[in-house]
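Counting from 6, one number per residue, gives the positions in the sequence shown under my numbering.
Backbone N, C-alpha and C fix where the C-beta goes; we use that ideal spot for every residue, glycine too.
Only a predicted model underlies this, so the values are computations on that prediction, with no experimental measurement involved.
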Amino acid sequence: MTRTFIALEQDESLQRYLGEIIHHMTQDLPGPRWVDPAGIHLTLAFLGELNDQQLAEATRAAELSARSIPSFGYRLSHAGIFGSPRQPRVIWIGVEEPAGNLQLLHHQLNLELAQRGFEIDTRPFAPHLTLARIKVPLRPEEQQRLQRLLAVQDRQPRSPLVRVRHLSVMKSELMRAGARYTSLRDVPLGLDKD
């Protein structure tokens, strides 16, 4: 069984950019478990533990959904949290892609996965990159520092444009030091456009 998800991996320039953001935030807020920038990705679908046949079906769904979507670019947008301000669980940075290709790719992927019997997350798609996870509730002064850090991040210049040319079928291995991600298959976008 392979713990599987489908995602957009980040290039080295964005990893460096995210590393700077994380480094700055860590100085004022050391408590959360900050993500290694090299492992940051934009999840399109989390599929859980798959056997070999299911993995082949998920890969086929990724291939078919990617064919009609041209390569596109996005920028990072505002920072935020999942959870309440008093008990945040995740610190994230959002993604802005006005042309709609990211939303379309997510929609197409869900259609292809559903046709193959996969359970689909029905919550609205909120594209984001996870920067940190918070396991232990923050003290009130840490909550205030987090809100200030998010406000500062929102005033930063726009990120570099991130070019998306493929999506990846990924394997996730849970390790003591954190999850390790490996691309099992990179699927190019826009093959129907050639």
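Your pair R168 and G78 checks out as a contact, with CB atoms roughly 5 Å apart and the cut at 8 Å. Look at the beta carbons and you see the region 7-19 touching the region 43-55: at least three pairs across the two are nearer than 8 Å. Given a length threshold of 4 residues, each whole run of the alpha helix (DSSP H) inside the region 47-113 is given here in chain order: 57-72. In this structure, Q20 lies near A43, with their beta-carbon atoms less than 8 Å apart. In this structure, L134 and V100 form a Cβ contact; the two beta carbons are roughly 7 Å apart against a cut-off of 8 Å.
When the five nearest sequence neighbours on each side are left out, the beta carbons in the same chain lying within less than 6 Å of the beta carbon of R150 are those of D33 and L34, in order along the chain. By the neighbour-count criterion, in which 16 or more other beta carbons inside 10 Å mark a residue as buried, A67 falls on the buried side. The continuous alpha helix (DSSP H) containing M30 extends over residues E17 to D33.
Per DSSP, E147 is one residue of the alpha helix (DSSP H) stretching across P145 to D159. The three-state reading of DSSP puts P193 in strand, counting E and B together. L172 sits in a strand when the DSSP states are folded into three classes.
Inter-segment contact for the region 69-78 and the region 101-108 is present: three or more beta-carbon pairs are separated by less than 8 Å.
Each of M30, L116, H112 and H46 was checked against the Cα of R185, and the nearest Cα belongs to H46.
About 7 Å separates the beta carbon of R138 from that of R94, a gap short enough to meet the 8 Å contact definition. Within the same chain, S164 and P165 come within 7 Å of Y22 by CB-CB distance, once the 5 residues on both sides are set aside.
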